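J.: Mapping of the sequence shown onto the numbering used here: position 87 corresponds to residue 91, and the numbering continues sequentially without gaps. Using N, Cα and C, we set each Cβ at its ideal position, and we do this for glycine too. Model, not experiment: these values are computed from the prediction.
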Amino acid sequence: MDLKSGYPFWAVRNGLMRAYPPLRQALRCDVLVIGGGITGALVADELARHGHDVAVVEQRDIGWGSSAASTALLQYEIDTHMVDLARRYGEQAAVLAYRACADAIPALQALAAEVRGVDFRRGDSLYYASRRRHRDDLRAEFGLRRKHGFGVHWLEPGDLLAAYGFQAPAAILSDLAASLDPYRMAHRLLARLQRRGARVFDRTTIASLRPISRGVVATTADGVQVRCGHVVLAAGYANERWLDQRVARNRSSYAFVTDPLPAEALGPLRRTMLWESARPYLYLRSTADLRLLVGGEDDAVDVPARRDARVDRKAHRLVAKVRHLFPQLPVTPAFAWAGTFAETRDGLPFFGAHPQWGPHVLFAMAYGGNGITYSMLGAGLLRAAIERRRHRLSGLFGFARLE
């Protein structure tokens with residue numbers, strides 16, 4: 005599956021950081037993780053740190069799929085408002101989903117401090133009303149988050165203009181947000197795992213899975229077998245090919261990054277990431293070296309050649325939107341790209357077993373705008389499933405909610 009177009013900044017910046025051998029001979033392990041991006045790396049790290057014998061296989065180079073195209077906004081805010089989740093699943097479940105994502109950010113910060121050099125930065129998040137008619141929805145969202153103790157502040161138009169220099173009907177400022185380099189994070193985690201005895205392979209495609217009484221037999225395209233207690237499918241949006249049931253729809257998102265800008269030109273954007281209430285939404289954040297990273301213009305295109313052809317045009321549209329907000333900001337794309345992502349109906353991920361495959365094949369489908377946050381908390385959820393423990397998120401973030 006061709007997951008990206010153009011020149012994703014993280015891949016350009018970091019290059020091919022490390023190569024791993026392809027799998028050439030049969031092996032046994034407790035858990036086989038299929039997918040060497042940020043999701044697979046976080047899952048493998050969680051399992052290995054708690055005593056599981058883990059092997060990781062990636063069909064490309066490590067981190068070269070969607071992770072290289074991610075814009076890596078780390079938020080607890082889900083694409084679906086808390087008030088909308090409350091209507092669908094109840095207020096308690098909605099708060100649980102948001103609180104779990106909030107807890108994932110400091111956990112990611114601690115992990116980033118361990119592996120080091122992944123440009124993890126804490127900041128805040130400004131969610132602004134794109135149109136006047138969105139103001140009431142934001143006010144209701146603010147009220148529910150405030151009721152449950154989330155660190156949020158309400159900004160009126162004058163507050164926004166004074167503090168951020170642009171005009172909007174209203175906004176919610178959240179204290180908790182962050183960013184990192186997802187490509188480097190995946191590489192650092194997997195390199196550490198290999199040093200500690202885990203086995204990591206790239207250029208290895210799993211062609212078939214066969215559940216057996218006490219595990220799974222996975223066979224590569226070259227006929228090599230892996231016998232394991234569990235398989236975790238962490239292959240991003242390629243996971244969907246393993247399911248007969250359609251659980252998400254693939255879309256394309258577009259992004260660009262500028263050359264480094266003067267700190268005074270970025271102003272509050274050095275710390276604050278912006279995103280809007282319109283769907284699809286525009287979002288902006290700075291990088292550690294003071295570039296402006298801009299994304300949005302999502303569409304339903306899932307054909308690589310058509311997506312490739314749209315990158316430049318979409319980048320120009322994103323530039324126009326940024327200049328409308330910040331006319332004084334010098335915004336010129338240095339690198340522009342597109343990536344495939346997936347959306348679920350409710351904006352929540354899927355972690356765990358699916359009835360089609362039984363209990364030993366687990367899915368890690370961290371779909372939505374905050375996929376890295378989902379992956380961090382989903383790693384613990386999957387470990388609980390492998391260790392046969394209950395987890396508070398297994399129902400809400402599992403396939404059972406589709407029934």
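Is Val323 helix, strand or coil by DSSP?
T.: Within the sequence shown, residue 323 is the residue found at index 319, counting from 1. Helix, per DSSP.
J.: For a quick check, are the C-beta atoms of Phe315 and Val298 less than 7 Å apart?
T.: Here residue 315 corresponds to residue number 311 of the sequence shown, with the count starting at 1. Here residue 298 corresponds to residue number 294 of the sequence shown, with the count starting at 1. The amino acid occupying residue 315 in the given sequence is Val; Phe does not appear at that position. No; because the gap between Cβ atoms is not below 7 Å, this pair is not in contact.
J.: With three or more C-beta pairs closer than 8 Å as the rule, is the region 64-78 touching the region 348-359?
T.: The answer is no - the region 64-78 does not touch the region 348-359, with fewer than three Cβ pairs under 8 Å.
J.: Count the other C-beta atoms from every protein chain shown that fall within 10 angstroms of the C-beta of Asp185, then say buried if there are 16 or more, exposed otherwise.
T.: Position 181 of the sequence shown, counting from 1, holds the residue named residue 185. Taking all protein chains shown into account, Asp185 has 16 or more neighbouring C-beta atoms within 10 Å of its C-beta and is therefore buried.
J.: Ser63: buried (16+ other C-beta within 10 angstroms of its C-beta) or exposed?
T.: For the purposes of this step, residue 63 is taken as residue 59 along the sequence shown, with counting starting at 1. Residue identity differs from the one stated: residue 63 is Gln in this sequence, not Ser. The residue is buried, with at least 16 neighbouring Cβ atoms inside 10 Å.
J.: Compare the Cα-Cα distances from Arg135 to each of Arg218, Ala172, Ala116 and report the closest residue.
T.: Counting from 1 along the sequence shown, the entry for residue 135 is found at position 131. When only C-alpha atoms are compared, the closest one is Ala172.
J.: Taking the beta carbon of Arg199 as the centre, do at least 16 other beta carbons fall within 10 Å, making it buried, or is it exposed?
T.: As a first step, residue 199 is located in the sequence shown; it is residue number 195 there, counting from the start. Arg199 is exposed by the Cβ-count criterion.
J.: Look at the alpha carbon of Val58 and the alpha carbon of Arg387, and state the distance between them as a whole number of angstroms.
T.: The residue given as residue 58 occupies position 54 in the sequence shown. The residue given as residue 387 occupies position 383 in the sequence shown. If I take the Cα positions, the gap works out to 12 Å.
J.: If contacts are defined as beta-carbon pairs under 8 Å, then Gly94 and Ile66 qualify, I think. What distance do you get, rounded to the angstrom?
T.: If you number the sequence shown from 1, residue 94 lands on position 90. If you number the sequence shown from 1, residue 66 lands on position 62. The pair is not a contact, with the Cβ atoms about 40 Å apart (cut-off 8 Å).
J.: Considering only the beta carbon of each residue, do Phe401 and Phe355 sit closer than 7 Å?
T.: Sequence index remark: in the sequence shown, residue 401 carries index 397 (1-based). Sequence index remark: in the sequence shown, residue 355 carries index 351 (1-based). The answer is yes: Cβ separation under 7 Å.
J.: Go to Trp279, then tell me how far its beta strand (DSSP E) extends in each direction, as first and last residue.
T.: If you number the sequence shown from 1, residue 279 lands on position 275. Its beta strand (DSSP E) spans residues 276-280.
J.: For the beta strand (DSSP E) that Asn254 lies in, which residues bound it at each end?
T.: As a first step, residue 254 must be located in the sequence shown, where it is residue number 250. Here the beta strand (DSSP E) through Asn254 covers 253-262.
J.: Report the CB separation of Ala190 from Ser71 in whole angstroms; it is logged as a contact under 8 Å.
T.: Along the sequence shown, one-based indexing puts residue 190 at 186. Along the sequence shown, one-based indexing puts residue 71 at 67. Contact flag correct, Cβ pair sits at about 5 Å.
J.: Please state whether DSSP places Val4 in a helix, a strand or coil.
T.: A question about residue 4 goes unanswered here, because the residues of the chain that appear run from 5 up to 407.
J.: How do the region 234-249 and the region 264-276 stand: do at least 3 beta-carbon pairs fall below 8 Å, yes or no?
T.: no
J.: Considering only the alpha carbon of each residue, which of Val37, Leu385, Ser398 lies closest to Arg203?
T.: Numbered from its first residue, the sequence shown carries residue 203 at position 199. Closest by alpha carbon: Val37.
J.: Decide if Lys151 is buried, meaning its Cβ has at least 16 other Cβ atoms within 10 Å, or exposed.
T.: Along the sequence shown, one-based indexing puts residue 151 at 147. Exposed, by the Cβ-count rule.
J.: Grouping DSSP H, G and I as helix and E and B as strand, with all else coil, what is Gln79?
T.: Translated into positions along the sequence shown, residue 79 becomes position 75. Three-state DSSP puts Gln79 in a strand.
J.: Using alpha carbons as the reference points, say which of Met277, Leu213, Ala52, Leu112 lies closest to Ser379.
T.: Position 375 of the sequence shown, counted from the first residue, corresponds to residue 379. It is Leu112.
J.: Quick check: what's the CA-CA separation for Leu27 versus Cys33?
T.: Within the sequence shown, the letter at position 23 stands for residue 27. Within the sequence shown, the letter at position 29 stands for residue 33. Computed Cα separation, rounded: 13 Å.
J.: In this structure, does DSSP put Arg103 in helix, strand or coil?
T.: Start at 1 with the first residue of the sequence shown, and residue 103 comes out as number 99. Helix at Arg103.
J.: Return the CA-CA distance between Thr209 and Arg255, expressed in angstroms with no decimal places.
T.: Locating residue 209 in the sequence shown gives position 205, where the first residue counts as 1. Locating residue 255 in the sequence shown gives position 251, where the first residue counts as 1. For Thr209 and Arg255, the distance between alpha carbons rounds to 24 Å.
J.: Compare the Cα-Cα distances from Asp312 to each of Arg321, Ser257, Leu273 and report the closest residue.
T.: Position 308 of the sequence shown, counted from the start, is the residue given in the question as residue 312. The shortest C-alpha to C-alpha distance from Asp312 to any of Arg321, Ser257, Leu273 is the one to Ser257.
J.: Can you say whether Leu406 is buried or exposed, counting buried as having 16 or more other CB atoms within 10 angstroms of its CB?
T.: On the sequence shown, residue 406 is found 402 positions in, with the first residue counted as 1. Per the 10 Å Cβ criterion, exposed.
J.: Short of 8 Å in beta carbon distance, which residues of its chain neighbour Gly121, apart from the five on each side in sequence? Order them along the chain.
T.: One-based indexing of the sequence shown puts residue 121 at position 117. Closer than 8 Å at Cβ, skipping near neighbours: Arg188, Arg192.
J.: Within the chosen definition, does the region 132-149 reach the region 213-227 through at least 3 CB pairs nearer than 8 Å?
T.: At 8 Å Cβ cutoff, the stretches do not touch.
J.: On the premise that Val230 lies in contact with Ala222, defined as a C-beta separation below 8 Å, what is that separation, rounded to the nearest angstrom?
T.: In the sequence shown, counting from the first residue as 1, residue 222 sits at position 218. In the sequence shown, counting from the first residue as 1, residue 230 sits at position 226. Confirmed, about 4 Å.
J.: To which residues does DSSP link Asp303 through a beta bridge?
T.: Indexing the sequence shown from 1 puts residue 303 at position 299. Ser256.
J.: Pick from Trp279, Arg245, Leu294, Leu288: whose alpha carbon is nearest that of Ala269?
T.: As a first step, residue 269 is located in the sequence shown; it is residue number 265 there, counting from the start. From the listed residues Trp279, Arg245, Leu294, Leu288, the smallest Cα separation to Ala269 is found for Leu294.
J.: Taking Cβ to Cβ, would you say Gly127 is nearer than 7 Å to Arg22?
T.: For the purposes of this step, residue 127 is identified with residue 123 of the sequence shown, where counting begins at 1. For the purposes of this step, residue 22 is identified with residue 18 of the sequence shown, where counting begins at 1. In this structure, Arg22 does not lie closer than 7 Å to Gly127 by Cβ.
J.: Helix, strand or coil: how does DSSP classify Ser290 here?
T.: Sequence index remark: in the sequence shown, residue 290 carries index 286 (1-based). Note: Ser290 maps to strand in three-state DSSP.
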